[in-house]
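Residue numbers (this note's numbering): 33 to 171.
We treat Cβ as the ideally placed atom computed from N, Cα and C, and that holds for glycine.
Worksheet for the structure shown next.
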């Protein structure tokens with residue numbers, strides 16, 4: 033799969049290689065490079081077995097460019113974590129980006145499972161239920 037040059041939002045999550053109770057999540061915002069007065073990214077966890085690691089959140093800003101390999105890379109990346117509020121509300125968070133003029137953002141954070149899926153031998157259905165997260169984009 034190659035990245036789509038017209039995407040506005042892309043999210044992926046994966047288990048940590050060393051700790052199966054940690055899920056790493058990455059959200060690419062505004063890959064297309066559009067202009068917006070306000071963008072809101074909202075993520076929701078739909079199970080009590082998962083929680084956000086609030087200290088893991090990082091937001092970087094730059095310009096998304098698709099390289100020769102067909103994948104996005106954030107160019108001229110600057111850490112703006114301390115400049116953009118992350119609003120937590122129980123099992124969800126929102127991040128508002130204002131006056132976006134073509135720049136892109138990369139949101140990185142971890143989630144913690146309250147159970148170890150490798151020990152409990154969860155079925156695929158149970159893992160999917162735990163990992164069902166929603167990411168909404170509004171403009």
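Could you spell out the range, first to last residue, of the beta strand (DSSP E) harbouring residue i?
{"i": "residue 115", "result": "Where residue 115 is concerned, there is no enclosing beta strand (DSSP E), given that its DSSP letter is neither H nor E."}
{"i": "residue 49", "result": "Looking at the DSSP string, residue 49 is not in any beta strand (DSSP E), and its letter there is neither H nor E."}
{"i": "residue 87", "result": "82-98"}
{"i": "residue 122", "result": "Careful: residue 122 lies outside any beta strand (DSSP E) and carries neither H nor E."}
{"i": "residue 137", "result": "136-145"}
{"i": "residue 109", "result": "104-111"}
{"i": "residue 30", "result": "Because the chain spans 33 through 171 in this model, residue 30 falls outside it and cannot be assessed."}
Among the options, which has the Cα closest to the Cα of residue i?
{"i": "residue 37", "options": "71, 62 and 120", "result": "62"}
{"i": "residue 146", "options": "67, 69, 82 and 99", "result": "82"}
{"i": "residue 121", "options": "113, 75, 110 and 100", "result": "75"}
{"i": "residue 68", "options": "128, 123 and 141", "result": "128"}
{"i": "residue 108", "options": "118, 117 and 97", "result": "97"}
{"i": "residue 123", "options": "73, 80 and 115", "result": "80"}
{"i": "residue 141", "options": "104, 40, 34 and 60", "result": "60"}
{"i": "residue 87", "options": "35, 39 and 118", "result": "118"}
{"i": "residue 115", "options": "130, 35 and 73", "result": "130"}
{"i": "residue 134", "options": "34, 102 and 39", "result": "39"}
Would you please state the rounded distance, in angstroms, between the beta carbons of residue i and residue j? I believe it to be under 8 Å.
{"i": "residue 136", "j": "residue 106", "result": "6 Å"}
{"i": "residue 56", "j": "residue 46", "result": "6 Å"}
{"i": "residue 48", "j": "residue 143", "result": "Their Cβ separation, rounded to whole angstroms, is 10 Å, which puts residue 48 and residue 143 out of contact at 8 Å."}
{"i": "residue 138", "j": "residue 58", "result": "7 Å"}
{"i": "residue 113", "j": "residue 89", "result": "7 Å"}
{"i": "residue 71", "j": "residue 110", "result": "Contact doesn't hold; Cβ gap of about 17 Å is too wide."}
On the DSSP bridge assignment, give the partners of residue i in chain order.
{"i": "residue 34", "result": "Per DSSP, none; premise fails for residue 34."}
{"i": "residue 128", "result": "72"}
So does the segment 48-57 actually touch the segment 93-111, counting three or more Cβ pairs closer than 8 Å?
-> Not touching, per the Cβ criterion.
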